[in-house]
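So the protein sequences, as listed, match chains A and B.
With the working numbering applied, the first sequence covers 1 to 248.
With the working numbering applied, the second sequence covers 1 to 944.
We put the beta carbon where it would ideally sit given N, CA and C, even for glycine.
Nothing here was measured: the structure is a model prediction, and the numbers come from that model.
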Amino acid sequence: MTTLPTSTQKKLGLVIDLDTCVGCHACVISCKGWNTENYGAPLSDQDAYGANPSGTFLNRVHSYEVQPAEGAAQLIHFPKSCLHCEDAPCVTVCPTGASYKRVEDGIVLVNESDCIGCGLCAWACPYGAREMDAEEKVMKKCTLCVDRIYNENLPEEDREPACVRTCPAGARHFGDFADPDSNVSRLTAERGGVDLMPEQGTKPVNKYLPPRPKDAMPEIDVLAPYLEPVVAEPKGFISWLDKALEKL
Amino acid sequence: MAASQPTLDLSPKVSDEIRKTTCYMCACRCGINVHMKKGDDGEMRVAYIEGNRDHPVNKGVLCAKGSAGIMQHNAPSRLRSPLKRVGPRGSGEFEEISWDEAYQIAADWLDPIRRENPEKLAFFTGRDQSQSFTSLWAQAFGTPNYAAHGGFCSVNMAAAGIYTMGGAFWEFGQPDWDHTKLFMLFGVAEDHDSNPIKMGIGKIKARGARVIGVNPIRTGYNAVADDWVGITPGTDGLFILSMIHCLMKAGKMDLNYLAQYTDAPVLVNGDENSPEYGLYLRDEDGKQLVIDRVTGKLTPFDKPGVKPDLAASHRAKGFTHRPVFHKMAEMYLSEEYAPEAVADRCGIPARRIRAIAAELARVAFDEAFELDHAWTDFRGEKHDKMIGRPVSFHAMRGISAHANGFQTCRALHTLQIILGTVEVPGGFRFKPPYPKPATAHPKPHVGMTPGAPLNGPHLGFVHGPDDLALKEDGTPARIDKAFTWENPMSSHGLMHMVISNAHAGDPYKIDTLFMYMANMSWNSSMNTGGVMEMLTDTDENGDYVIPHIIYSDAYSSEMVAYSDLILPDTTYLERHDCISLLDRPICEADAAADAIRWPVVEPDRNVKGFQSALCDLGAKLGLPGFVNDDGSQKYADYADYITNHQRRPGIGPLAGWRMGENGLQHGRGDVNEGQLQSYINNGGFFVEHIPDGANYYKPWNRAYQDWAVGMGLYDSPQPYLFSLYVEPMRKFQLAAEGHGDRQPPDHLRDRIKHTMSPLPIWYETDQQGNEGYTVNALTQRPMAMYHSWGSQNAWLRQLHGRNPLYLPTKLMREHDLSDGNWARVSSPHGEITVPVMEMAALNHNTVWTWNAIGKRKGAWALDKDAPEATQGFLLNHLIHELMPPKGDGMRWANSDPITGQAAWFDLKVKIEKATAPAESQPAMPPLKTPVPQGPKDLAWKVGK
């Protein structure tokens with residue numbers, strides 16, 4: 001068992017806007033690229049050009065169809081990575097202390113040199129957010145780009161996770177949830193951001209903004225005046241036009 | 001265990017160097033920062049790719065394809081050397097040869113053709129962002145047979161836009177993302193363009209603006225649309241015309257805009273007996289005539305002070321000449337276009353059509369706003385502000401790849417124009433060098449002289465029968481039959497007809513087919529199996545019917561095996577390119593921009609950028625423009641051409657950092673030997689902003705026109721009116737009615753009279769002889785794959801390695817299918833057996849799959865058991881380049897009768913449950929491949 005800090009100075013995490021995510025996987029691949037080259041072991045791929053390709057990804061996008069009681073079915077794109085929970089069961093389950101939650105900012109990390117690859121943390125995580133690297137046999141997970149966000153070798157504007165920097169639709173936001181005035185706190189408040197599976201009691205830091213109601217355009221009652229015919233008979237159209245032009 | 005935090009290095013070195021170039025994982029052309037790291041061996045390698053924040057296209061973001069570029073660059077499928085075929089065509093048996101030998105083989109084929117009959121070379125490019133260069137090469141060679149891939153892609157969109165308003169979507173223009181409040185998207189799968197659409201949707205959604213998606217399939221952009229219209233494929237034009245009906249009937253039009261900036265007030269000849277019946281009335285200078293509301297007199301449209309009248313007619317010599325707007329009212333007020341009349345065919349309830357039309361009207365007129373930019377129009381009238389109408393549209397292949405696509409795209413532009421929302425704040429905005437009307441583009445040229453260059457550019461815009469590309473005997477001058485009576489306005493050529501026409505010797509036989517990055521023996525052809533047969537077919541002497549095939553590709557694609565000589569291209573990180581204002585530009589609505597690629601790494605194989613190879617081959621053949629006066633090679637490579645070529649004095653491929661009298665300047669200027677370095681120093685691109693007051697109303701705005709002339713986009717101001725009525729189409733109708741010397745063949749007269757309506761119409765595209773085939777079948781490209789030529793990409797194939805056929809719930813039930821079952825899908829042309837999956841968010845009579853996931857065994861350095869080869873499939877087997885026989889003795893092309901655009905999305909199929917075969921059918925035998933199979937596992941870090 002590994003102990004969680006009783007509190008962290010910051011609560012860094014992501015807001016993911018499900019209303020805007022178009023499901024393009026830009027975040028997935030940007031993450032793969034950055035984390036192959038940076039923190040810890042590279043993210044490997046097995047049978048890369050073969051029959052059953054599989055590899056380590058710290059962030060994946062799933063797509064779900066939703067069939068409302070009335071109206072057309074919808075497709076929701078759902079990016080998922082570690083939610084950096086306050087009560088992270090993946091940390092407390094770790095037998096070696098390799099999994100830990102940083103006191104400074106709440107980021108949950110794996111210290112790869114202490115990881116024995118037992119996989120208990122992946123079992124404990126209710127979100128399936130950890131992946132064992134098949135080549136290196138260590139547990140990999142989202143680091144919230146801890147090697148970017150404070151990196152003095154990067155321009156200040158680039159000190160954010162790779163997935164946030166690359167997201168073309170601007171559906172991913174990074175910030176400190178401990179600060180009620182931060183961009184992520186405000187977005188969560190304004191848009192009714194939610195926890196993923198709150199019943200698990202993990203207190204995830206990351207928040208999801210729900211999709212706005214779809215297919216809700218008012219049909220003709222409200223809008224009908226906009227299409228009120230200008231004349232009863234098509235023949236009258238040109239004389240209507242003449243009068244309308246007079247007013248210009 | 002107590003928490004013990006290790007000490008982390010929070011500021012690791014990111015890379016040793018950042019090299020900024022332009023992405024080519026799709027046609028979007030974003031700026032990228034390529035992070036280079038020195039490996040243990042001291043060699044600099046590509047370590048990581050991210051978006052360039054300063055770049056006008058992507059402003060720092062990058063899609064999945066772009067970030068996965070590193071895997072494309074490292075792909076095991078990269079070709080390594082020039083290759084000569086040694087086995088039979090299609091066997092994939094090759095021998096590596098030197099570049100000298102490759103050029104000699106090519107010259108031995110091409111030199112006699114050029115001297116004797118240049119039309120025997122057909123040169124077509126799939127990846128076509130160096131068209132201004134490749135077309136110059138083809139012109140210098142002298143063949144009329146050159147085009148890029150637009151004919152099988154989206155020529156309807158491009159041509160309809162240019163003929164109607166001087167530009168279309170994507171590269172031609174974009175919504176005013178900063179001001180639009182209602183964005184309506186038609187027929188865009190997940191692409192075209194890639195990042196800018198996502199950025200734009202994100203931007204307007206952050207403001208809470210409404211997005212309406214019109215698409216039979218609700219994925220990607222349509223999945224995030226606030227309102228989804230799951231339209232029946234091929235009926236978009238009818239839906240749009242119905243909305244036009246509603247808006248006109250309610251007077252919800254921008255009458256001032258129509259009167260000032262469009263041909264709506266231009267008078268049309270009403271003399272039924274005149275050879276000019278239906279053409280614009282013009283003065284002696286050829287200027288369109290309107291009635292001036294002030295004087296009541298016939299007046300040229302551009303006379304200072306004129307108030308063009310939309311309502312008044314002109315009566316002369318017993319005939320009434322009415323304005324275009326009268327004709328529109330007559331046509332579109334008809335109950336034929338009432339929502340109730342079209343609802344069933346479109347699959348959209350009438351009340352929903354009305355609701356959307358009403359919402360367009362509400363936002364365009366009730367939410368109109370003003371920008372405080374003073375401007376002066378082309379008539380000299382001063383305006384102290386700009387009126388904004390915050391409704392914008394975007395559309396792509398989904399509406400254009402139908403046999404009624406040209407008219408459908410025209411209808412959409414008509415809708416934008418009557419709302420007064422083109423080139424105004426909040427609406428659709430052109431990107432330089434557009435707006436540029438059809439009249440400012442070249443006409444097609446086919447004037448051929450053996451041993452000499454062609455008499456002008458191959459492709460262009462016809463303005464009537466006189467401009468058709470016909471020989472003296474009336475037969476087609478081009479192998480693809482572009483610009484003929486069968487498809488008069490085929491501005492991009494018909495790449496999808498080249499192989500079948502060459503094989504049939506119709507209109508004539510050719511000797512050498514020369515292609516660049518066009519996977520014609522696989523996903524880039526209709527009738528894929530048939531194309532393979534045509535490429536390998538022999539005549540009675542045992543010779544190939546298409547005698548020689550030269551092909552350039554960077555990767556071991558399916559087409560390689562069907563070629564005789566392979567010129568191996570580089571990856572996009574190993575080459576020079578220019579994304580030129582002379583070609584397909586990357587400008588923004590507020591700026592002109594161009595960009596380069598440069599070798600951020602040198603190739604480690606015996607390969608060469610295709611354009612550099614053309615410089616060598618052009619010199620070897622002695623092509624004018626490719627040799628100096630003493631016969632020596634003019635351009636050492638493509639970089640040399642980019643720097644030193646001048647299209648007109650002072651105008652070269654790149655607009656930035658040209659040499660002026662007082663140092664470097666932009667737009668016009670002399671050659672600057674250091675130009676490419678200037679681009680590299682600036683991050684790989686050049687951008688010049690349009691001044692405030694010049695950046696809207698561009699076709700009519702004096703300040704914009706003057707700025708464009710200064711930049712070298714035009715040589716003189718070219719204000720023009722939008723063409724709601726496309727007069728060249730009327731000229732083709734007149735010919736079909738019997739006027740003029742150039743007459744269509746009789747069997748085409750009725751079709752020309754009908755389809756060439758100068759005002760947009762809709763007609764049914766349902767393929768004749770298709771009884772029993774009632775289900776629409778479509779393809780889309782996934783966002784993470786489109787145009788990336790790459791499910792061999794080790795990362796991307798993990799996202800999209802499989803392509804089931806998606807069926808709507810209703811069809812799944814009807815055929816007793818569940819996920820993982822297999823179905824036999826047939827068309828009058830062919831049959832495939834493929835795995836199926838249910839999708840509810842789908843038009844209830846439409847099936848679809850991801851395009852170009854399916855690969856042939858042996859290609860792309862993939863294992864023969866790769867799911868792309870065993871479960872993947874192409875719908876192409878079901879689509880023929882010709883329609884099923886109609887019983888009239890003729891075979892009609894599966895193309896738009898106006899432009900020749902391949903009608904991919906008119907496909908109708910029949911579905912039957914099938915027992916699961918071992919793999920998708922038809923299963924083609926494996927290809928031999930000139931590259932070894934990729935490595936099993938991947939795990940590396942470039943840096944230490």
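Within chain E, the residues that residue i reaches when beta carbons sit closer than 8 Å
| i | result |
| --- | --- |
| A:W240 | Chain labels in this structure do not include chain E; the protein chains are A and B. |
Start-to-end residues for the beta strand (DSSP E) that takes in residue i
| i | result |
| --- | --- |
| A:M197 | Unbroken run through A:M197: none, as it is neither H nor E. |
| B:I596 | A591 to R597 |
| B:D227 | D227 to V229 |
| A:N59 | N59 to V66 |
| B:R824 | W822 to S826 |
| B:W762 | It is not in any beta strand (DSSP E) - B:W762 carries neither H nor E in the DSSP assignment. |
| B:K913 | K908 to A914 |
| B:R89 | Taken as a continuous stretch (DSSP letters only), B:R89 belongs to no beta strand (DSSP E), as it is neither H nor E. |
| B:R742 | Per DSSP, B:R742 belongs to no beta strand (DSSP E) and is neither H nor E. |
| B:N117 | From DSSP, B:N117 is part of no beta strand (DSSP E); its letter is neither H nor E. |
| B:N776 | V775 to Q780 |
Helix, strand or coil at residue i [DSSP, three-state]
| i | result |
| --- | --- |
| B:Q407 | helix |
| B:K20 | strand |
| B:L415 | helix |
| B:R78 | strand |
| B:I642 | helix |
| B:D344 | helix |
| B:W848 | strand |
Residue i beta carbon near the ligand SAM (any heavy atom closer than 7 Å)
| i | result |
| --- | --- |
| A:A244 | In the structure shown, the ligand SAM is absent, as is every other ligand, since no ligand is present at all. |
Proximal residues of chain A, C-beta to C-beta of residue i below 7 Å
| i | result |
| --- | --- |
| B:C63 | C24, A26 and P168 |
| B:Y48 | G33, W34 and E37 |
| B:P6 | N111 |
Chain-ordered chain B contacts of residue i [CB-CB under 7 Å]
| i | result |
| --- | --- |
| A:K32 | W795 |
| A:G55 | Q798 |
Residue span of the alpha helix (DSSP H) that contains residue i, given as start and end
| i | result |
| --- | --- |
| A:S30 | A26 to E37 |
| B:H496 | M495 to A504 |
| B:T295 | Unbroken run through B:T295: none, as it is neither H nor E. |
| B:Q260 | L255 to Y261 |
| B:E359 | A350 to A361 |
| B:H245 | D236 to K249 |
| B:N33 | Premise fails: B:N33 lies in the beta strand (DSSP E), G31 to K38, not in any alpha helix (DSSP H). |
Contacts of residue i in chain A (Cβ-Cβ under 8 Å)
| i | result |
| --- | --- |
| B:K13 | N153 |
Partners in chain B for residue i, counting only beta-carbon separations shorter than 8 Å
| i | result |
| --- | --- |
| A:T20 | I201, G202, K205, A206 and V224 |
| A:L245 | L255, A259, R293, D309, L310 and A311 |
| A:M139 | By Cβ distance, chain B contributes nothing, its closest Cβ being about 15 Å from A:M139, past 8 Å. |
Q. Would you call the segment 804 to 821 of chain B and the segment 53 to 64 of chain A touching, i.e. three or more CB-CB distances under 8 Å?
A. The segment 804 to 821 of chain B makes no contact with the segment 53 to 64 of chain A, as fewer than three CB pairs between them are under 8 Å.
Q: Give, in chain order, every residue of the segment 692 to 725 of chain B whose Cβ lies closer than 8 Å to some Cβ of chain A.
A: none
Q: Select from the segment 923 to 943 of chain B all residues with a C-beta closer than 9 Å to any C-beta belonging to chain A, and list them in chain order.
A: Q933, G934, P935, K936, D937, L938, A939, W940, K941, V942 and G943
Q | Near-chain B residues of the segment 224 to 235 of chain A (beta-carbon distance less than 9 Å), N- to C-terminal order | A | A224, P225, Y226, L227, E228, P229, V230, V231 and P234
(Q) For the structure I just gave you, are there three or more beta carbon pairs, one from the segment 391 to 402 of chain B and one from the segment 898 to 917 of chain B, closer than 8 Å? (A) Inter-segment contact for the segment 391 to 402 of chain B and the segment 898 to 917 of chain B is present: three or more beta-carbon pairs are separated by less than 8 Å.
**Q.** the segment 167 to 193 of chain B: positions lying closer than 8 Å to chain A by Cβ
**A.** Listed in sequence order: E190.
Q | Near-chain B residues of the segment 107 to 121 of chain A - C-beta to any C-beta below 7 Å | A | N111
Q. Given a limit of 7 Å on CB to CB distance, which residues of the segment 58 to 74 of chain A reach chain B?
A. E65, Q67, A72, A73 and Q74
**Q.** Contact the segment 653 to 661 of chain B vs the segment 561 to 572 of chain B: 3+ CB pairs below 8 Å
**A.** no
Q: Give, in chain order, every residue of the segment 70 to 103 of chain A whose Cβ lies closer than 9 Å to some Cβ of chain B.
A: A72, A73, Q74, L75, I76, H77, V91, C94, P95, T96, G97, Y100, K101, R102 and V103
Q: Decide if the segment 86 to 94 of chain B is in contact with the segment 919 to 932 of chain B; the criterion is three or more beta carbon pairs, one per stretch, under 8 Å apart.
A: yes
Q.
Contact between the segment 164 to 179 of chain B and the segment 480 to 495 of chain B is defined here as three or more beta-carbon pairs at a separation below 8 Å; is this criterion met?
A. no
(Q) Could you check whether the segment 195 to 202 of chain A touches the segment 67 to 87 of chain A, counting it as contact only if at least three pairs of C-beta atoms, one from each stretch, sit closer than 8 Å? (A) These segments touch.
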